[in-house]
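The structure appears below as structure tokens.
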Amino acid sequence: TLEPYDVVILGAGAAGLLCAATAGKRGRRVLLLDKADKIGKKILISGGGRCNFTNLHVNPAAYLSQNPHFCKSALARYTPADFLDLMRKHSLSWHEKTLGQLFCDQKAPAIVEMLWAECRDAGVHLRLNTEIQAISRATERFHLQTTQGAFQTTALVIATGGPSIPRMGATDFGIHVAKQFGLKNIPFSPALVPFTFTQTMLDGLFAGLAGVSTPVAVSCGEGYFREDMLFTHRGLSGPAMLQISSYWQKGAAVQIDLLPGRDALSWLQTLQKQRPKAELKTVLADVLPNRLAQRLCETVFPNRPLGQYGDKLLQSIAEQLHAWELTPAGTEGMRTAEVSLGGVDTRELSSKTLEARHVPGLYFIGETVDVTGWLGGYNFQWAWASGWCAGQYV
Ligand code: FAD
């Protein structure tokens, strides 16, 4: 039996849920389908279970895309303030952790319950454990074959997210649908992901550093972030490295300023006069974690009493402290990536409605689209904003 719907949304994640509620409130008959056994799985594990659901500093510059302008329209029309209004309506509260990152006081499940309450009140139908077997389009309608029967709809919204964390069932399904309808895409690749290094580096420079964390400024390509860096057993992580991983390409080096905001040369020159007998590793341990200071002086810098450094050597040490270059071997990949770069090429979509330009009725929202945010609530805000905008038009 073909049940007719106005809107069928594939994927009951962040974008799909908000889109469903928005369309339902406009009186559309909405069906939300998901292959998982529950809704909003990535919301539930986000932000360590507290869901960093948005960021006060949301702006287009915090998003990566082949077309950096594409996200502007949706982000301007559905803002963090709009999501906060929704939270207030459901008596949820939040706190800012750092850098504008807002976390839910009642934790991640409360966000999922809120979104579901909105969907339920708007009359949205939900079917879980539903695999999509085939999609076809005829007479201005989409026909879906699924493991739970057949459905037809005027508008089809693809909100199946990206392929990061495959063990949660994440896939690149959205790209396959795009291809089926002749839309271009940018292949997915892991972002917000820890770096790995060669065994030689791990046994050499990085030996004994796992667990050490220090504030840095890191840059690579167009990316620049001032956050904490963490040494791990396999390489580098921490917010600074996760952020810069989105800008990194294989073979490139990342440049690390170990003493951001300080003038290392004048600092070392002053100390050289005041404490000529103090060793470099001792003074570095005042401004860097002790283990890192030791390791740098065992492997990167010759360790001596400060009085014994010539001007040139001191200058080169200062330069390296501000621009330490490391070349990662790779990343941990989709297994641990928080999001994925790439997705449906934005040139194929209307930035206002998220509808495919040449396939009327077909919409793509959320992570499936080639818009990827920084760490810190930006990705959920894109999911909410794109979901809401499509929900206005479907
Ligand atoms: P999703 O939320 O991933 O939803 C996609 C849905 O589609 C899922 O329910 C899935 O089951 C379903 N689906 C997939 N394939 C199919 C298919 N073939 N058929 C039917 N259904 C399908 N972002 C932040 O902003 N703040 C955070 O704190 C944060 N923490 C994160 C922590 C982790 C560990 C991870 C992995 C991600 C985190 N993110 C965070 C990123 C954020 O979760 C995603 O950007 C966001 O969920 C994307 O929303 P979406 O609706 O596009 O996709």
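For the sequence shown, our numbering begins at 1034 and goes up steadily by one. Where a beta carbon is used, it is the ideal one built from N, C-alpha and C, also for glycine.
Residue i, enclosing alpha helix (DSSP H) - first and last residue
| i | result |
| --- | --- |
| valine 1287 | Looking at the DSSP string, valine 1287 is not in any alpha helix (DSSP H); the run it does join, the beta strand (DSSP E), is 1287 to 1290. |
| threonine 1332 | 1323 to 1332 |
| tyrosine 1426 | 1411 to 1426 |
| histidine 1209 | 1206 to 1213 |
| glutamine 1307 | 1297 to 1307 |
| threonine 1315 | 1313 to 1317 |
| alanine 1273 | 1271 to 1278 |
| threonine 1233 | 1232 to 1236 |
Contact with chain B by residue i, beta-carbon distance below 8 Å
| i | result |
| --- | --- |
| serine 1270 | Absent from the structure: chain B. Only one protein chain is present. |
Own chain, CB closer than 6 Å to residue i, minus 5 neighbours either side, in chain order
| i | result |
| --- | --- |
| glutamate 1371 | Leu1225 |
| isoleucine 1428 | What the structure shows of the chain is the stretch from 1034 to 1427, and residue 1428 is not part of that stretch, so it cannot be assessed. |
| valine 1392 | Phe1214 |
| glycine 1474 | Because the chain in this structure spans residues 1034 to 1427, residue 1474 falls outside the shown range and cannot be described. |
| leucine 1263 | Ser1246, Ser1270, Gly1271 |
| proline 1322 | Val1245, Thr1247 |
| alanine 1356 | Gln1288 |
| alanine 1155 | Ala1054, Gly1057, Lys1058 |
Residue i: CB within 7 Å of a non-hydrogen atom of the ligand FAD
| i | result |
| --- | --- |
| isoleucine 1219 | no |
| valine 1372 | yes |
| glutamate 1365 | no |
| leucine 1189 | no |
| cysteine 1084 | yes |
| glycine 1376 | no |
| tyrosine 1257 | no |
| asparagine 1336 | no |
| serine 1106 | no |
| tyrosine 1096 | no |
| serine 1124 | no |
| phenylalanine 1413 | yes |
| glycine 1410 | yes |
| serine 1270 | no |
| aspartate 1067 | yes |
| threonine 1379 | no |
| phenylalanine 1130 | Before going further, note that residue 1130 is lysine rather than phenylalanine in the sequence given. False, no ligand heavy atom lies under 7 Å from that Cβ. |
| alanine 1203 | yes |
| glycine 1194 | yes |
| lysine 1212 | no |
| lysine 1079 | Just to set this straight, residue 1079 is serine in the shown sequence, not lysine. Yes; taking the cut-off as 7 Å, the Cβ of serine 1079 has a heavy atom of the ligand FAD nearer than that. |
| isoleucine 1198 | yes |
| alanine 1048 | yes |
| isoleucine 1289 | no |
| isoleucine 1165 | yes |
| glycine 1399 | yes |
Span of the beta strand (DSSP E), counted from its first residue to its last, around residue i
| i | result |
| --- | --- |
| arginine 1259 | 1256 to 1264 |
| alanine 1188 | 1182 to 1191 |
| proline 1101 | Element bounds for proline 1101: n/a, residue is neither H nor E. |
| histidine 1222 | Position check: residue 1222 holds serine in this sequence, whereas histidine was assumed. First-last of the beta strand (DSSP E) with serine 1222: 1218 to 1224. |
| glutamine 1341 | Careful: glutamine 1341 lies outside any beta strand (DSSP E) and carries neither H nor E. |
| alanine 1167 | 1165 to 1171 |
| glutamine 1178 | 1174 to 1179 |
| glycine 1375 | 1372 to 1377 |
| glutamate 1358 | 1357 to 1359 |
| threonine 1247 | 1246 to 1253 |
| leucine 1242 | No beta strand (DSSP E) contains leucine 1242, which DSSP labels as neither H nor E. |
| arginine 1200 | Careful: arginine 1200 lies outside any beta strand (DSSP E) and carries neither H nor E. |
| arginine 1160 | 1158 to 1160 |
| leucine 1382 | No beta strand (DSSP E) contains leucine 1382, which DSSP labels as neither H nor E. |
| leucine 1395 | 1395 to 1397 |
Residues of its chain near residue i, where Cβ-Cβ distance is below 7 Å and the 5 sequence neighbours each way are ignored
| i | result |
| --- | --- |
| glycine 1423 | A small fix is needed here, since residue 1423 is alanine in this sequence, not glycine. Taken in chain order, the residues that qualify are Cys1052, Val1190, Thr1386, Leu1387, Tyr1396, Ile1398. |
| glutamine 1178 | Gln1166, Ala1167 |
| serine 1278 | Ala1224, Leu1225, Val1226, Phe1228, Thr1364 |
| leucine 1077 | Ala1141, Pro1142, Val1145 |
| aspartate 1070 | Leu1161, Asn1162 |
| glycine 1340 | Gln1305, Pro1309, Lys1310 |
| glycine 1241 | Arg1324, Arg1328 |
| phenylalanine 1103 | Thr1379, Ser1384, Val1404 |
| leucine 1097 | Ser1279, Leu1374, Thr1405 |
| arginine 1174 | Gln1185, Thr1186, Thr1187 |
| lysine 1130 | Phe1136 |
Nonlocal neighbours in the same chain, by C-beta distance under 8 Å from residue i, ignoring five residues either side
| i | result |
| --- | --- |
| cysteine 1330 | Glu1312, Leu1313, Lys1314, Leu1317, Asn1336 |
| glutamine 1302 | Leu1347 |
| histidine 1266 | Leu1235, Ala1243 |
| glutamate 1358 | Ala1286, Val1287, Gln1288, Ile1289 |
| glycine 1237 | Thr1332 |
| cysteine 1253 | Ile1277, Tyr1280, Trp1281, Ala1285, Ala1286, Val1287, Gln1288 |
- prompt: Can you give, in chain order, each stretch of the alpha helix (DSSP H) that sits fully within the stretch 1096 to 1154 and has at least 4 residues?
  reply: 1105 to 1110, 1113 to 1122, 1141 to 1154
- request: List in chain order: all unbroken alpha helix (DSSP H) runs of 4+ residues lying wholly within the stretch 1045 to 1098.
  value: 1047 to 1058, 1074 to 1078
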